[in-house]
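Participant: For reference, the structure I am asking about is given below.
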Amino acid sequence: MSTNNRIVNSSFSEGSLAPWFADHVELDRTYSQTGSFSARLEGGAVNAYLGQTVAAESGQSFTLQVTLGKFAPIASPPVSISIAFYNDAFQLLEYGLVYNLTSGEVPEQAWLDLLLVTTDAPASTARAMVLINKLPLEESAALFVDRLTLTAHSDKAEQPDVSKSQRTLDGVLPSSPFPLRTAYGHVCNNTRQIVHPNSTVSFDRKGICEQVLHPAPDMLQIVLDGDYLLLFDVLVQNQTAEFYQSAFHVTVDHQSQATASYGQEFSAPISGCLQITGSSILRLAAGQQIRLLNAGNFPVTLPAVLGVDSLNHVNASLRLVRLGP
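Residue numbers (the working numbering): 21 to 345.
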C-alpha cells in the first residue's frame with residue numbers, strides 16, 4: 021500500500037498554517053502529539069475550521085488519519101470531518117466522507133486517533149478537499165489537531181474495507197475496530213418515468229451519501245451492517261383502468277420486505293396524482309442491495325412536474341439512515 025501523504029505541513033512542523041485555509045485557528049506550542057506544534061481550533065460559540073485541497077483522480081479512494089485532542093476540564097465541541105470531491109472548475113461532485121463527533125466524544129487530557137476511509141472518487145474528479153470543522157457550542161473546549169495523513173488508493177486491492185474505519189485512544193487500538201457510525205443515503209428522480217409491474221424505480225439524482233453507495237440507477241447498496249430507517253415517496257399519475265392497484269415494495273437483494281410494502285386500490289379512474297409514501301426499520305448487512313419495486317398490477321407513470329421555479333419537482337425518492345449496529 022502506498023504511504024505517500026497528500027497533506028502538506030501535516031503536523032504543522034513548519035511553524036505556520038500554510039497551505040491550510042483556516043478560521044479561528046492558531047498554532048499551539050503547548051500541546052502536540054508529534055513535533056513542536058499543533059493547530060488549535062477556538063472553543064465556544066464560534067465556528068472554527070481547518071482545511072486543505074489536494075490533487076485527486078476519479079476512481080481513487082482515500083484513507084485519512086487525524087489526531088484530535090482536548091485539554092480543558094469542559095466538554096469537547098461537536099466536530100465534523102469531511103472529504104469532498106471537486107472537478108477542474110471546482111464544482112462539488114459529491115462527498116466521499118462525512119464523519120461526525122458529538123460533544124464530549126474527544127476524551128479528557130488525551131489524543132484521539134481516527135482512521136477514516138472515503139468512497140471512490142466519481143468521474144471528473146480533479147481534487148479533494150479535507151475539512152476539519154469545529155462546530156459552535158457555548159462553553160465547549162478548544163480542539164487540538166495534529167498528525168494528519170491522507171493516502172490515495174487507486175488499486176482495488178489496496179483499498180481498505182470501509183467497514184473497518186477505526187479510532188484509537190493515544191494510539192492504542194481497541195480489541196475490535198470502532199466502525200464509522202454514520203451511514204445514510206438519499207437518491208431521487210425528477211424526470212418522467214414509466215415503471216412496469218415487477219420493475220424497479222430508477223433514480224437520476226444522488227443526494228448526500230455517506231457509507232451508502234449508489235452503484236446503479238435503481239439501487240442503493242449497504243456498506244456497514246446495522247439497523248436502518250428506510251423512507252420512500254412516489255408520485256403516481258392518474259390511471260384509466262376501472263380497477264387498479266398502485267403498490268410499491270422495498271426489496272433487499274430482490275426480496276420484497278413485508279414491513280416496507282405500501283399501496284392503494286381504486287375502483288374508478290382518478291384525476292391528478294397520488295403520493296405513496298412508506299417507511300420501515302430493517303436490519304441490513306454490508307453488500308445488500310436496496311431497490312423500490314412496482315408491486316401493483318398496472319404500469320405507473322411518474323410524471324415530470326414543472327414548478328413555478330421552472331425546475332422539475334421530485335417524483336420519487338429513497339432514503340436510508342443507519343440508526344445503530
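Glycine is no exception: its CB is placed at the ideal position from the N, C-alpha and C atoms.
Small disclaimer: the values here were computed from a predicted structure and weren't measured.
Answer with buried or exposed for residue 98, where buried requires no fewer than 16 other C-beta atoms within 10 angstroms of its C-beta.
Facilitator: Position 78 of the sequence shown, counted from the start, is the residue given in the question as residue 98. Counting Cβ neighbours within 10 Å, residue 98 comes out buried, since at least 16 surround it.
Participant: From residue 29 to residue 65, what does the alpha carbon distance come to, in whole angstroms?
Facilitator: In the sequence shown, counting from the first residue as 1, residue 29 sits at position 9. In the sequence shown, counting from the first residue as 1, residue 65 sits at position 45. Roughly 28 Å separates the two Cα atoms.
Participant: Given this structure, state the Cα-to-Cα distance separating residue 317 from residue 266, to the nearest angstrom.
Facilitator: Taking the sequence shown and counting its residues from 1, one reaches residue 317 at position 297. Taking the sequence shown and counting its residues from 1, one reaches residue 266 at position 246. Cα-Cα distance, rounded: 7 Å.
Participant: From residue 199 to residue 257, what distance separates their C-alpha atoms?
Facilitator: For the purposes of this step, residue 199 is identified with residue 179 of the sequence shown, where counting begins at 1. For the purposes of this step, residue 257 is identified with residue 237 of the sequence shown, where counting begins at 1. With a pLDDT of 37 at residue 199, under the threshold of 50, the modelled position of this residue cannot be trusted; read the value that follows with caution. Roughly 42 Å separates the two Cα atoms.
Participant: What is the C-beta distance between residue 308 and residue 242, in whole angstroms, given that I count them as a contact (C-beta under 8 Å)?
Facilitator: Reading the sequence shown from its first residue, position 288 is the one you call residue 308. Reading the sequence shown from its first residue, position 222 is the one you call residue 242. With 8 Å as the limit, residue 308 and residue 242 qualify as a contact, their Cβ atoms being about 5 Å apart.
Participant: Who are the Cβ neighbours of residue 341 in its own chain at under 6 Å, not counting the five residues just before and after it?
Facilitator: Along the sequence shown, read from residue 1 onward, the residue named residue 341 stands at position 321. Hits under 6 Å: 204 and 249.
Participant: If contact is defined by three or more beta carbon pairs under 8 Å, each pair taking one atom from either stretch, is the region 25–45 in contact with the region 119–133?
Facilitator: Too few Cβ pairs lie closer than 8 Å, so no.
Participant: Could you spell out the range, first to last residue, of the beta strand (DSSP E) harbouring residue 96?
Facilitator: Here residue 96 is taken as the residue at index 76 of the sequence shown, counted from 1. No beta strand (DSSP E) contains residue 96, which DSSP labels as neither H nor E.
Participant: Tell me the rounded alpha-carbon separation between residue 111 and residue 49.
Facilitator: Here residue 111 corresponds to residue number 91 of the sequence shown, with the count starting at 1. Here residue 49 corresponds to residue number 29 of the sequence shown, with the count starting at 1. Roughly 37 Å between the two C-alpha positions.
Participant: What does DSSP give as the partner residues of residue 242 in its beta bridges?
Facilitator: Position 222 of the sequence shown, counted from the first residue, corresponds to residue 242. According to DSSP, which records beta bridges pairwise, residue 242 is partnered with 232.
Participant: Determine whether the beta carbon atoms of residue 87 and residue 167 lie at a separation below 7 Å.
Facilitator: Sequence index remark: in the sequence shown, residue 87 carries index 67 (1-based). Sequence index remark: in the sequence shown, residue 167 carries index 147 (1-based). Closer than 7 Å, so yes.
Participant: Got a sec, what are the start and stop residues for the beta strand (DSSP E) residue 83 sits in?
Facilitator: Mapped onto the sequence shown, residue 83 falls at position 63. Element bounds for residue 83: 81–90.
Participant: Who are the near neighbours of residue 38 in its chain, counting only those whose CB is closer than 8 Å to its CB and skipping five residues on each side?
Facilitator: Residue 38 sits at position 18 when you count from the first residue of the sequence shown. If we look at residue 38 and ignore the five residues flanking it on each side, its Cβ neighbours are 29.
Participant: Can you tell me whether residue 196 is helix, strand or coil according to DSSP?
Facilitator: Within the sequence shown, the letter at position 176 stands for residue 196. Residue placement at residue 196 cannot be trusted, given a pLDDT of 32 that sits under 50; what the coordinates show is reported in the next sentence. Three-state DSSP puts residue 196 in coil, outside helix and strand.
Participant: Taking just the CA atoms, how far does residue 225 sit from residue 236?
Facilitator: By one-based count along the sequence shown, residue 236 stands at place 216. By one-based count along the sequence shown, residue 225 stands at place 205. Those two C-alpha atoms are separated by around 11 Å.
Participant: Applying the 10 Å Cβ sphere with the 16-neighbour rule, what's the burial state of residue 60?
Facilitator: The residue you call residue 60 lines up with position 40 of the sequence shown. It is buried - the Cβ of residue 60 has at least 16 other Cβ atoms within 10 Å.
Participant: Between residue 239 and the rest of its own chain, which residues show a CB-CB distance below 6 Å, the 5 nearest in sequence each way excluded?
Facilitator: On the sequence shown, position 219 is the one that residue 239 refers to. Answer for residue 239: 309 and 311, listed in chain order.
Participant: Measuring alpha carbon to alpha carbon, tell me which residue in 90, 108, 221 and 137 is nearest residue 128.
Facilitator: Position 108 of the sequence shown, counting from 1, holds the residue named residue 128. For the residues 90, 108, 221 and 137, the minimum Cα distance to residue 128 belongs to 90.
Participant: Nearest-angstrom Cα distance between residue 186 and residue 133?
Facilitator: Translated into the one-based positions of the sequence shown, residue 186 becomes position 166. Translated into the one-based positions of the sequence shown, residue 133 becomes position 113. Reliability fails at residue 186, whose pLDDT of 48 lies under 50, so the model's placement of it is uncertain and the value that follows must be treated cautiously. Cα to Cα, residue 186 sits roughly 8 Å from residue 133.
Participant: Using only alpha-carbon positions, find the residue among 160, 142, 156 and 113 that is nearest to residue 78.
Facilitator: Sequence index remark: in the sequence shown, residue 78 carries index 58 (1-based). Closest option to residue 78, Cα to Cα, is 142.
Participant: Pull up the DSSP beta-bridge partners for residue 173, would you.
Facilitator: Numbered from 1 along the sequence shown, position 153 holds the residue referred to as residue 173. DSSP, once it has assigned bridges, lists 81 as partnering residue 173.
Participant: Mind reading off the beta-carbon distance from residue 145 to residue 113? Whole number of angstroms is fine, and I expect it under 8 Å.
Facilitator: As a working note, residue 145 is residue 125 in the sequence shown. As a working note, residue 113 is residue 93 in the sequence shown. Contact holds; Cβ gap of about 6 Å.
Participant: Would you kindly check if the distance between the Cβ of residue 336 and the Cβ of residue 322 is under 7 Å?
Facilitator: As a working mapping, residue 322 is identified with position 302 in the sequence shown. As a working mapping, residue 336 is identified with position 316 in the sequence shown. Their beta carbons are under 7 Å apart, which means residue 322 touches residue 336 by this criterion.
Participant: Tell me the rounded alpha-carbon separation between residue 196 and residue 228.
Facilitator: Within the sequence shown, the letter at position 176 stands for residue 196. Within the sequence shown, the letter at position 208 stands for residue 228. In this prediction, residue 196 scores a pLDDT of 32, lower than 50, which makes its location untrustworthy; no coordinate-derived value is stated.
Participant: Got a sec: is the Cβ-Cβ distance from residue 340 to anything in chain B below 7 Å?
Facilitator: The structure shown contains no chain B; it is built from a single protein chain.
Participant: Would you report the Cα separation of residue 281 and residue 216, rounded to the nearest angstrom?
Facilitator: Along the sequence shown, one-based indexing puts residue 281 at 261. Along the sequence shown, one-based indexing puts residue 216 at 196. Cα to Cα, residue 281 sits roughly 17 Å from residue 216.
Participant: May I have the straight-line CA-CA distance separating residue 165 from residue 273, to the nearest angstrom?
Facilitator: Here residue 165 corresponds to residue number 145 of the sequence shown, with the count starting at 1. Here residue 273 corresponds to residue number 253 of the sequence shown, with the count starting at 1. Their backbone Cα atoms lie some 42 Å apart in a straight line.
Participant: Give me whichever residues DSSP pairs with residue 250 in a beta bridge.
Facilitator: Counting from one through the sequence shown, the residue named residue 250 turns up at place 230. The partner list for residue 250 (beta bridge, DSSP) reads 300 and 340.
Participant: When we look at the beta-carbon of residue 24 and count the other beta-carbons within 10 Å, is it buried (16 or more) or exposed?
Facilitator: As a position in the sequence shown, residue 24 is number 4, starting the count at 1. So residue 24 ends up on the exposed side.
Participant: Out of 276, 275, 319 and 251, point me to the one whose CA is closest to residue 339's CA.
Facilitator: Numbered from 1 along the sequence shown, position 319 holds the residue referred to as residue 339. Selected option, being the one with the closest Cα: 251.
Participant: With DSSP as the reference, label residue 71 as helix, strand or coil.
Facilitator: Here residue 71 corresponds to residue number 51 of the sequence shown, with the count starting at 1. Correct three-state label for residue 71: strand.
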